[in-house]
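Participant: Quick one: the structure is below, and I'll ask about it shortly.
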């Protein structure tokens with residue numbers, strides 16, 4: 006009777022787990038870590054994209070994101086009573102409820118900020134003579150009978166407007182309320198009346214019954230129409246420019262019929278504020294499509310069935326979401342480069358773990374094959390043996406990733422975790438089945454000296470070379486614009502793989518060359534180390550070198566990206582501020598006396614300079630042009646310019662001689678004026694200047710054209726209008742306190758705050774975190790691959806040391822032997838990693854666009870050269886140094902551990918190691 010196969014398989018698994026519990030636990034821990042990284046990376050990308058979409062919609066101006074459905078007043082062909090009924094709150098609320106149900110997913114409405122009502126399509130001229138009239142023009146008022154005022158405002162004075170009795174189109178007196186800002190600007194109070202033109206028989210009188218303080222004034226209810234919250238100066242047009250006040254007045258919703266009696270083109274509106282708390286990154290494309298349908302498509306047809314045949318939906322939401330999508334699409338390919346690097350290194354390390362297990366059990370598996378074991382049977386048992394720790398570990402990794410990062414879908418992270426589990430389960434059986442596809446009678450040598458690359462390996466290497474060349478060419482030509490392309494994203498990995506394969510082919514040659522001279526030296530340690538390094542198993546060299554070079558290249562590339570982003574942001578913040586701190590006066594007024602002395606006492610302030618910025622007229626080819634003239638104190642300003650790195654120069658460049666002022670100019674100004682003396686008209690009187698130096702930037706005017714002159718050389722030195730301070734440890738809070746103590750209204754701009762604002766975007770900060778993880782994970786996997794590679798030959802090394810100790814080798818010499826034996830591979834990996842990382846950055850830099858990752862849209866034009874990817878020395882050197890240090894430490898630790906045990910522990914009869 007044949008034994009039950011299931012009992013045999015169970016007994017096999019139980020025996021294997023009992024035989025090697027530590028290896029099983031270590032393998033499970035590796036799978037758990039890799040599965041967690043794979044899942045958390047996927048979820049982190051989706052999470053920061055989701056937060057970026059929500060932030061884009063939330064931070065945009067409410068008038069840009071609100072969905073406003075509006076239609077004209079009821080038709081004049083209808084009875085007057087019907088027209089009045091259609092603008093009453095009950096009719097508008099019914100349309101509002103129906104229109105909400107017609108808004109398709111993923112559009113969702115924030116009911117707390119949505120509103121509806123009736124407004125005047127044309128603003129009404131206020132006839133009251135006591136109202137403020139800049140340029141002699143009367144203010145114009147927009148009336149809004151809007152719902153929900155009681156829930157969005159606090160009454161500071163008076164009461165909310167109401168309708169005393171039925172209101173009709175003939176009503177000429179209504180009640181209204183204004184915000185506190187409107188009341189302060191137009192000099193209104195509770196009880197004031199506004200007389201508004203635009204009605205045929207007599208003006209409309211609006212009696213102000215309340216002054217309101219808006220709750221959440223920046224939200225949609227008050228900001229969808231900003232003049233309802235804050236009055237604004239509007240340009241009347243025509244030369245010379247003239248301005249008048251535009252303001253909004255809130256009426257009672259029941260007073261809407263009164264707007265039908267004039268020539269104000271009243272319109273009904275329903276404003277739907279988008280709810281962002283449930284939006285996800287996957288909704289971006291659908292959101293744009295749905296909005297387009299509502300604006301001019303099938304969705305608009307349905308809305309017109311609810312609001313009327315002339316209804317129109319207006320919004321800028323699709324532009325906001327579209328700009329977010331363009332930024333995301335520009336960042337995603339850059340992030341994909343780092344993600345592919347992590348994935349490649351993790352895959353190689355998992356394959357190394359399977360190769361290590363297969364190599365340690367090589368004799369056992371060869372014996373099974375020699376005794377008639379089938380290849381599929383052995384592979385199935387090894388698959389079950391690997392799956393037993395791998396599947397629970399992968400599930401735990403997925404669970405930890407879900408707990409660590411929310412706001413992401415489960416399916417993508419589950420797929421990446423499944424891929425990790427599949428690779429972990431297949432690594433050992435596939436490696437064993439390939440190695441034992443034919444039964445072996447005698448063990449074969451697998452060291453580097455004996456192994457010769459076959460035709461298949463040559464084909465694979467040439468294929469990788471072709472893929473790497475195509476990937477680099479595609480990346481340099483096409484860049485990272487558009488959707489992420491796997492071939493383009495894998496460019497650094499392919500470069501590292503090709504370099505590793507080349508180094509593996511070349512690795513034995515210098516070892517053979519060095520073994521001869523080492524044999525003639527006194528002592529056998531050096532010769533033995535080189536001979537042992539040359540005869541190390543190919544599996545212990547190829548896969549670790551592949552993993553190390555890939556990991557070091559990914560770490561170098563990721564570190565260089567982070568360094569380029571940081572440098573670009575630092576430069577953009579500096580060009581925006583001009584120094585570490587800047588103090589400006591409003592409207593070009595003079596700085597208060599004592600401010601410079603107070604700022605010099607601020608902790609961290611090292612260089613302080615005051616400048617006077619004015620405009621002068623230059624005459625070139627009979628064309629009169631305006632020119633920014635900066636009057637400075639030469640010594641202080643030159644020191645500050647040198648410290649900031651913005652157009653540094655020596656103070657003697659501004660020296661005065663023979664009545665001619667030395668000047669430092671921007672390139673365009675220097676080109677217009679030339680280097681000959683030139684006369685210009687400044688606010689301090691006419692002067693003659695000569696260009697002595699040309700600089701592209703200067704702290705006082707970091708952007709635009711400028712002309713620097715000595716303030717003492719002007720006929721009438723003007724007042725300083727700006728103060729610049731430099732110092733790496735400048736105390737911003739103390740600076741603001743010092744400025745505030747002057748008692749003046751000055752604006753303070755800190756470079757550190759401008760720098761922080763550039764990384765506030767969830768898209769940018771999230772992508773940076775991905776690259777930071779790429780650097781950390783790649784470095785960790787590189788070190789782990791080195792440990793695994795050394796663990797593969799650890800038993801054989803221990804046996805070698807035991808034999809040598811019986812021949813008289815000391816423990817110190819044993820440590821030296823193992824350290825020198827591991828040194829060639831470690832040096833090859835570290836040096837090759839640095840060289841390949843540098844080459845990858847140089848080759849791929851022209852195709853990597855980091856502008857969107859580094860800079861916000863408003864700063865895109867601040868740095869003319871943009872974000873330039875350059876090789877970062879620390880990103881190249883630190884992982885390589887860690888590799889060398891770990892290799893030496895592991896070798897010394899292994900020698901110490903082997904030295905603590907007796908030779909008989911390692912040497913057994915019949916052991917061929």
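Residue numbers (our numbering): 6 to 918.
Glycine included, every Cβ here is placed at the ideal spot set by N, Cα and C.
(1) From the DSSP output, in three-state form, read off residue 426 for me.
(2) When you compare only the Cα positions, how much space is there between residue 628 and residue 673?
(3) Would residue 233 pass as a contact of residue 149 if the rule is Cβ separation under 8 angstroms?
(4) Can you list, in chain order, the residues of its chain whose CB lies under 8 angstroms from that of residue 104, leaving out five sequence neighbours each side?
(5) At what residue ranges does the segment 248 to 334 contain a whole run of the alpha helix (DSSP H), taking only runs of 4 or more?
(6) Starting from residue 228, trace the alpha helix (DSSP H) both ways and give me its first and last residue.
(7) Quick one: measure Cβ to Cβ for residue 426 and residue 40, integer angstroms, because I've assumed they're closer than 8 angstroms.
(8) Once you ignore the five residues that flank residue 392 on each side, which residues in its own chain have a CB closer than 6 angstroms to its CB?
(9) In the DSSP assignment, find the unbroken alpha helix (DSSP H) run with residue 85 in it and report its ends.
(10) Please determine, among 662, 745, 416, the residue with the shortest C-alpha to C-alpha distance to residue 717.
(11) Please classify residue 173: does DSSP put it in a helix, a strand, or coil?
(12) For residue 677, does the three-state DSSP call read helix, strand or coil?
(13) To the nearest angstrom, how far is it from the Cα of residue 341 to the Cα of residue 494?
(14) Nearest by alpha-carbon distance to residue 769: which of 206, 335, 155 is it?
(15) Where does residue 564 fall in DSSP's three states?
(16) Could you give the residue range of the beta strand (DSSP E) that holds residue 70?
(17) Nearest CA to the CA of residue 478: which residue from 851, 895, 695?
(18) Does DSSP classify residue 655 as helix, strand or coil?
(19) Could you please give the first and the last residue of the uninterrupted beta strand (DSSP E) stretch that includes residue 775?
(20) Would DSSP call residue 129 helix, strand or coil?
(21) What runs of the alpha helix (DSSP H), each 4 residues or longer, lie entirely inside the segment 135 to 216?
(22) Can you tell me whether residue 617 is helix, strand or coil according to DSSP?
(23) Measuring CB to CB, does residue 106 end up less than 8 angstroms from residue 325?
(24) Please state whether the Cβ-Cβ distance between residue 262 and residue 155 is less than 8 angstroms.
(25) Got a sec, what are the start and stop residues for the alpha helix (DSSP H) residue 103 sits in?
(26) Confirm, please, whether the CB-CB distance from residue 51 to residue 413 is below 8 angstroms.
(27) Does the Cβ of residue 902 have 16 or more other Cβ atoms within 10 Å, making it buried, or fewer, making it exposed?
(28) Is it buried or exposed, residue 250, if we count other Cβ atoms within 10 angstroms and call 16 or more buried?
(29) Do you know how far the Cα of residue 72 is from the Cα of residue 320?
(30) Check each candidate in 683, 637, 353, 712 and name the one with the smallest Cα separation from residue 548.
(31) Can you tell me which of 184, 432, 63 puts its alpha carbon nearest to the alpha carbon of residue 279?
(32) Please report how far the alpha carbon of residue 800 lies from the alpha carbon of residue 564, in whole angstroms.
(33) By how many angstroms is the C-alpha of residue 401 removed from the C-alpha of residue 845?
(34) Taking its Cβ as the centre, do 16 or more other Cβ atoms sit within 10 Å of residue 659, making it buried, or is it exposed?
(35) Alpha carbon to alpha carbon, how far is residue 732 from residue 282? Give it in angstroms, no decimals.
(36) Between the C-alpha atoms of residue 53 and residue 373, what's the straight-line distance to the nearest angstrom?
Facilitator: So, from the listed chains and residues:
(1) Note: residue 426 maps to helix in three-state DSSP.
(2) Unreliable positioning characterises residue 628 in this predicted model, as indicated by a pLDDT of 49, which lies under 50. The coordinate reading is nonetheless provided below. Roughly 15 angstroms between the two C-alpha positions.
(3) Cβ atoms of residue 233 and residue 149: closer than 8 angstroms.
(4) Only 74, 275, 277, 308, 311, 312 meet the Cβ criterion.
(5) The segment 248 to 334 is shown to contain whole alpha helix (DSSP H) runs of 4 or more residues at 289 to 301, 303 to 312, in chain order.
(6) Here the alpha helix (DSSP H) through residue 228 covers 225 to 228.
(7) Between residue 426 and residue 40 a beta carbon distance of about 7 angstroms is seen, short of the 8 angstroms cut, so the two are scored as contacting.
(8) In chain order, 430 place their CB closer than 6 angstroms to the CB of residue 392, counting only its own chain and leaving out the 5 sequence neighbours on each side.
(9) If you look at residue 85, you'll find it in the alpha helix (DSSP H) that goes 85 to 90.
(10) Ranking the options by Cα distance to residue 717, first place goes to 662.
(11) When DSSP states are grouped into helix, strand and coil, residue 173 belongs to the coil group.
(12) In this structure, residue 677 counts as helix in the three-state DSSP scheme.
(13) Roughly 6 angstroms separates the two Cα atoms.
(14) Answer by Cα proximity: 335.
(15) Residue state, collapsed to three classes: helix.
(16) DSSP places residue 70 outside any beta strand (DSSP E); the residue lies instead in the alpha helix (DSSP H), whose first and last residues are 67 to 70.
(17) Distances from the CA of residue 478 to each of 851, 895, 695 were compared; the closest alpha carbon is that of 851.
(18) Here residue 655 sits in coil by DSSP.
(19) Run containing residue 775: none in the beta strand (DSSP E); it sits in the alpha helix (DSSP H), 767 to 797.
(20) Three-state result, residue 129: strand.
(21) For the segment 135 to 216, the full-length alpha helix (DSSP H) segments reaching 4 residues or more read 154 to 157, 185 to 191 along the chain.
(22) Of the three classes helix, strand and coil, the one that applies to residue 617 here is strand, per DSSP.
(23) No; because the gap between Cβ atoms is not below 8 angstroms, this pair is not in contact.
(24) With contacts defined as CB atoms closer than 8 angstroms, residue 262 and residue 155 fail to qualify as a contacting pair.
(25) Unbroken alpha helix (DSSP H) run through residue 103: 94 to 107.
(26) The Cβ-Cβ distance between residue 413 and residue 51 falls below 8 angstroms.
(27) Residue 902 counts as exposed, since fewer than 16 other C-beta atoms from the protein chains shown sit within 10 angstroms of its C-beta.
(28) With a 10 Å radius around the Cβ and a threshold of 16 neighbouring Cβ atoms, residue 250 comes out buried.
(29) Each residue's alpha carbon lies about 5 angstroms from the other.
(30) Among 683, 637, 353, 712, the Cα nearest to that of residue 548 belongs to 353.
(31) Of 184, 432, 63, the smallest CA-CA separation from residue 279 is found for 63.
(32) Residue 800 and residue 564: Cα-Cα distance of roughly 37 angstroms.
(33) Straight-line Cα distance between these residues: approximately 36 angstroms.
(34) Buried.
(35) Using only the alpha carbons, I get a separation of about 42 angstroms.
(36) Put simply, the backbone Cα of residue 53 is about 52 angstroms away from that of residue 373.
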